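The next block holds one structure in the form of structure tokens; read it before the comments.
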Amino acid sequence: MTDLSVSSSSLAKTLLPPFSFSLRPNIPKRLRFCRKSASFLRKPSSISRQNKVAVVTAIQVTQSENDGFVLEDVPHFTNFLPDLPSYPNPLRKSQAYSIVKKNFVSPEDVVAQNVAIQKGSPRGVHFRRAGPREKIYFEPEEVRACIVTCGGLCPGINTVIREIVCGLNIMYGVHDILGIEGGYKGFYSKNTLMLTPKVVNDIHKRGGTFLRTSRGGHDTHKIVDNIEDRGINQVYIIGGDGTQKGASLIYEEVIRRGLQVAVAGIPKTIDNDIAVIDKSFGFETAVEEAQRAIDAAHVEVESVENGVGIVKLMGRYSGFIAMYATQASRDVDCCLIPESPFYLEGRGGLFEFIEERLKENGHLVIVVAEGAGQEYVAVEGHDAGKTDASGNKLLLDVGPWLSDKIKNHFTMFRKMAVNMKYIDPTYMIRAIPSNASDNIYCTLLAHGAVHGAMAGFTGFTVGPVNGRHAYIPIARVTERQKTVRLSDRMWARLLLSTNQPGFVSSDQEKFDKEVMN
């Protein structure tokens with residue numbers, strides 16, 4: 001154990017001279033590493049026990065002494081295998097890359113998490129910039145890669161699969177690529193197929209996932225046993241929050257066993273609730289497709305007397321799709337999301353707003369995220385508290401519940417006939433291919449993951465931070481879910497667009513006044 005007692009100052013001088021280090025062992029589940037060079041071998045080889053302990057337990061932050069610069073770095077195999085050889089990047093000889101002025105990302109290039117800061121304030125957190133490196137740590141002919149997709153469907157999954165395969169093959173000359181079928185359980189169910197550029201050539205034109213998917217089925221030991229038995233040394237995992245948590249467990253087990261395996265995550269969630277990154281792939285396609293449902297609802301309610309249209313969109317805990325689709329449409333009168341509580345009866349309630357809007361316009365359209373109003377639906381539901389195979393809470397169906405509530409209120413209490421139109425386009429949106437913008441985005445994510453793995457990084461996910469793609473520790477994107485901030489300008493713009501109430505009850509208003517006083 002004496003070999004592990006390295007001072008933070010000497011470590012800083014050894015690894016990144018321009019910065020100093022502070023050890024922060026109390027930060028849970030967040031591994032921060034300094035970068036050096038690394039390499040992989042095709043067949044797993046052992047790592048000394050002392051090196052394994054160092055990698056698993058060290059939590060390091062690269063921090064400037066003067067300006068508050070903090071680098072939250074991703075693990076690199078030379079943190080514990082400093083003598084592994086490196087190789088020139090084949091992209092040096094690529095005709096396509098020969099026209100690029102700066103072929104490779106500098107080791108010093110980082111991406112700032114916050115770009116709007118005040119004069120004199122700390123520079124804040126930064127992440128390693130994604131992209132090709134001058135040196136790689138795999139011999140292409142020794143690479144055996146695998147790709148797996150987990151969780152729910154989302155536009156763009158097939159594009160990511162295609163571009164990982166083509167990126168490995170065309171850019172780096174890798175020919176041994178496996179597709180793991182059926183999600184995590186496919187690792188130990190022996191469901192695999194060989195992937196080549198020809199096999200995946202046109203899959204981006206289809207919705208769904210070419211490799212099929214499933215929820216749950218994560219057994220870390222069985223999965224890593226299979227990785228070890230097959231001689232796999234690059235693992236690309238496409239999935240959402242739960243899937244990335246699984247990827248983190250795989251990475252930790254790989255390191256514990258001393259296997260030289262790169263684990264790269266590509267974040268996928270149609271709800272856009274992955275933390276840190278600007279957006280998740282498929283989100284723009286979902287917002288665009290949601291317009292068709294909103295347009296249909298608007299046409300329906302405009303054509304009848306007292307028409308009330310309800311469109312239910314995805315959004316378990318985050319209302320991003322509902323919020324963006326509402327603003328893009330301009331035909332929506334009210335948007336209900338999980339982050340913003342609402343109530344039905346009384347002054348300032350939803351019923352009052354509906355009645356006023358019907359008197360004014362003769363119709364209205366409501367967009368509701370699937371996770372909104374669950375506390376009300378649960379009172380009348382019988383399946384509250386159950387979870388799916390991924391551990392996600394099973395939501396009660398807010399759409400029909402809200403439709404019935406509105407119809408009953410106006411028919412029984414207001415003696416006012418309303419024409420209800422309910423549309424649920426959830427599976428239509430999930431199942432379509434990605435649009436042009438998401439296709440490009442998926443390509444950047446896939447290539448970023450390939451460049452990172454070939455450069456020897458592991459335990460990372462890739463995504464845009466303030467418009468620049470970066471490598472982010474997996475634990476960083478799974479520690480919380482991104483939600484709509486009701487204090488941000490985006491939500492304020494929505495309220496201006498719909499002119500809907502803030503749904504603050506009189507009791508809440510009284511409480512707020514007391515707090516202010």
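Heads up: the sequence shown begins at 1 in the UniProt record's numbering, then just goes up one per residue.
Glycine is no exception: its CB is placed at the ideal position from the N, C-alpha and C atoms.
None of the values given here were measured: they were computed from a predicted structure.
Residues near residue i by beta carbon distance below 6 angstroms, same chain, minus five either side
i: Thr149; result: Ile157, Thr209, Leu211, Thr213, Ile238
i: Met420; result: Val308, Ser403, Lys407
i: Ile125; result: Residue identity check: residue 125 is Val in the sequence provided, not Ile. Once the five neighbours on either side are set aside, the close Cβ partners of Val125 are Val70, Glu72, Gln113.
i: Arg123; result: Asp67, Gly68, Phe69
i: His298; result: Asp331, Val365
i: Leu195; result: Val165, Ile177, Gly179
i: Ala275; result: Val477, Arg480, Lys482
i: Thr269; result: Gly240, Ser280
i: Glu284; result: Ser437, Asp438
i: Glu253; result: Thr220, Val224
i: Ser248; result: Ile474, Ala475
i: residue 521; result: In the structure as shown, the chain begins at 1 and stops at 517. Residue 521 is therefore absent and cannot be evaluated.
i: Tyr188; result: Lys222, Asn226
i: Asn103; result: Tyr97
i: Gly182; result: Asn191, Arg212, Ser214
For residue i, the three-state DSSP class (helix, strand or coil)
i: Thr285; result: helix
i: Gly452; result: helix
i: Arg430; result: helix
i: Leu195; result: coil
i: His363; result: strand
i: Pro501; result: coil
i: Leu313; result: strand
i: Lys419; result: Looking at the sequence itself, residue 419 is Asn, so the reference to Lys does not match. Looking at Asn419 - three-state DSSP - the assignment turns out to be strand.
i: Pro82; result: coil
i: Gln118; result: coil
i: Gln374; result: helix
i: Leu336; result: strand
i: Arg468; result: strand
i: Thr461; result: strand
i: Val481; result: Sequence check: residue 481 is Gln here, not Val. Three-state result, Gln481: strand.
i: Gly349; result: coil
i: Val301; result: helix
i: Pro341; result: coil
i: Ile270; result: coil
i: Gly216; result: coil
i: Gly239; result: strand
i: Pro140; result: helix
i: Pro473; result: strand
i: Gly167; result: helix
i: Gly399; result: helix
i: Gly152; result: coil
i: Gly307; result: strand
Assumed close pair residue i, residue j - CB separation to whole angstroms, cut-off 8 angstroms
i: Tyr317; j: Asp278; result: Contact flag wrong, Cβ pair sits at about 18 angstroms.
i: Ala87; j: Glu141; result: Reading the sequence as shown, one finds Tyr at residue 87 and not Ala. Not confirmed; about 11 angstroms, so no contact.
i: Asn233; j: Arg144; result: 6 angstroms
i: Ile164; j: Tyr236; result: 5 angstroms
i: Pro338; j: Gly319; result: 6 angstroms
i: Tyr184; j: Ile136; result: Not really, about 28 angstroms apart at Cβ, beyond 8 angstroms.
i: Leu91; j: Pro132; result: 5 angstroms
i: residue 542; j: Pro341; result: Any property of residue 542 remains undetermined from this structure, which presents the chain solely from 1 to 517.
i: Val74; j: Gly459; result: 6 angstroms
i: Glu370; j: Met314; result: 6 angstroms
i: Ile170; j: Pro197; result: 7 angstroms
i: residue 554; j: Phe127; result: Lying before the first or after the last residue shown, residue 554 is absent from the chain, which here runs from 1 to 517.
i: Gly246; j: His218; result: 4 angstroms
7 angstroms CB neighbourhood of residue i in its chain, flanking five on each side removed
i: Ala130; result: Gly448, His451, Gly452, Val462, His469, Ala470, Tyr471
i: Gly167; result: Ala446, His447, Val450
i: Ala431; result: Leu153, Gly207, Gly208
i: Lys205; result: Pro433
i: Val105; result: Arg129, Gly131, Pro132, Arg133
i: Pro302; result: One point to set straight first is that residue 302 is Glu, not Pro, in the sequence displayed. Cβ within range, chain order: His363.
i: Asp229; result: none
Beta-bridge partners of residue i, as assigned by DSSP
i: His126; result: Leu71, Ala112
i: Ser107; result: Correcting the residue type first, residue 107 is Pro in the shown sequence and not Ser. DSSP lists no partner for Pro107.
i: Gln234; result: Ala145, Ala262
i: Lys135; result: Pro88
i: Gly179; result: Ile147, Leu193
i: Pro369; result: Checking the sequence shown, residue 369 turns out to be Ala, not Pro. Answer is Leu313.
8 angstroms Cβ shell around residue i - same chain, five flanking residues per side excluded
i: Thr498; result: Thr326, Val332, Asp333, Cys334, Cys335
Is it a yes or a no for the segment 350-361 touching the segment 438-450, going by three-plus beta-carbon pairs under 8 angstroms?
no
Whether or not the segment 321-340 and the segment 356-376 are in contact is what I'm after, with contact meaning three or more pairs of Cβ atoms, one per stretch, closer than 8 angstroms; do they touch?
yes
Would you be able to state if there are at least three C-beta pairs under 8 angstroms between the segment 402-416 and the segment 107-122?
no
Taking one C-beta from the segment 425-434 and one from the segment 282-289 each time, how about it: are there three or more such pairs within less than 8 angstroms?
yes
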